[in-house]
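Under this note's numbering, the first residue of the sequence shown carries the number -14, and numbering increases by one thereafter. Beta carbons are placed, not taken as given, at the ideal position from N, Cα and C, and that holds for glycine.
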Amino acid sequence: MHHVLISLASNHEQKENLCKAREALTQILSLPKFTPEQWTHPMGKHFGRFYINQLVSAETTLSSEDLTSRLKDTEKSLGRTPELRRHGIVPIDLDLLLYDDKHFHLQDWERSYIKDLLQLL
-14 MHHVLISLAS NHEQKENLCK AREALTQILS LPKFTPEQWT HPMGKHFGRF YINQLVSAET
46 TLSSEDLTSR LKDTEKSLGR TPELRRHGIV PIDLDLLLYD DKHFHLQDWE RSYIKDLLQL
106 L
C-alpha cells in the first residue's frame, strides 16, 4: 500500500461537486480521511469565483501514474473541460500532492489553506 495526499477544489456548484468527488475517491482509495471543507478567495485575475477546498489522506495500491489518471478521469466525469477552465469555471480539481515520500505540485504546499488543512488530518 502507498500513502497519498490529494487536494480537492471547486469553484462551481462547489458543495455538490466536492460531494461527488468524495464519493468517487472512496471507490478508488482505501481508508480515506477527509479534512473539513475550507472556503478560499480565488487566485488570479480570471478566477472570480470562491473556491471550496479539502484534503484527503488515504492508501492505495495504484501507482502514482495510474492514480493520477484516475483523478483526471474523475475530473472529466464531473464536468471539467479545458473550455470551462479558460472561463474560470472549475467544477472539480483533484491534485495528487503526496505519493509515499514524493511531493507533487510543490507550489501548492506553500498555500495557506493547504497548511491549515494539513493541521486537521
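Ranked by how close their Cα comes to the Cα of Arg55, the residues Ser(-5), Leu14, Pro27 have Leu14 in first place.
Separation of the CB atoms of Ile(-9) and Val41 is rounded to 5 Å, and the pair is thereby assigned contact status at 8 Å. Phe19 sits close to Gln39, with the two beta carbons spaced by under 8 Å.
Counting every other CB atom within 10 Å of its CB across the protein chains shown gives Leu91 a total below 16, marking it as exposed.
The DSSP-derived three-state label of Ile74 is coil. Here Ile74 has His(-3) as same chain residues with Cβ atoms under 6 Å from its own Cβ, once five neighbours each way along the sequence are excluded. Relative to Ala43, the option among His72, Lys5, Leu16, Leu103 whose CA is nearest is Leu16. Leu81 is not a Cβ neighbour of Leu63, given a cutoff of 8 Å.
Every unbroken stretch of the beta strand (DSSP E) spanning 3 or more residues and falling wholly within the stretch 9 to 74 is given here in chain order: 15 to 19, 23 to 25, 36 to 45. In the DSSP annotation of this structure, the continuous segment of the beta strand (DSSP E) that includes Leu(-10) starts and ends at -13 to -5.
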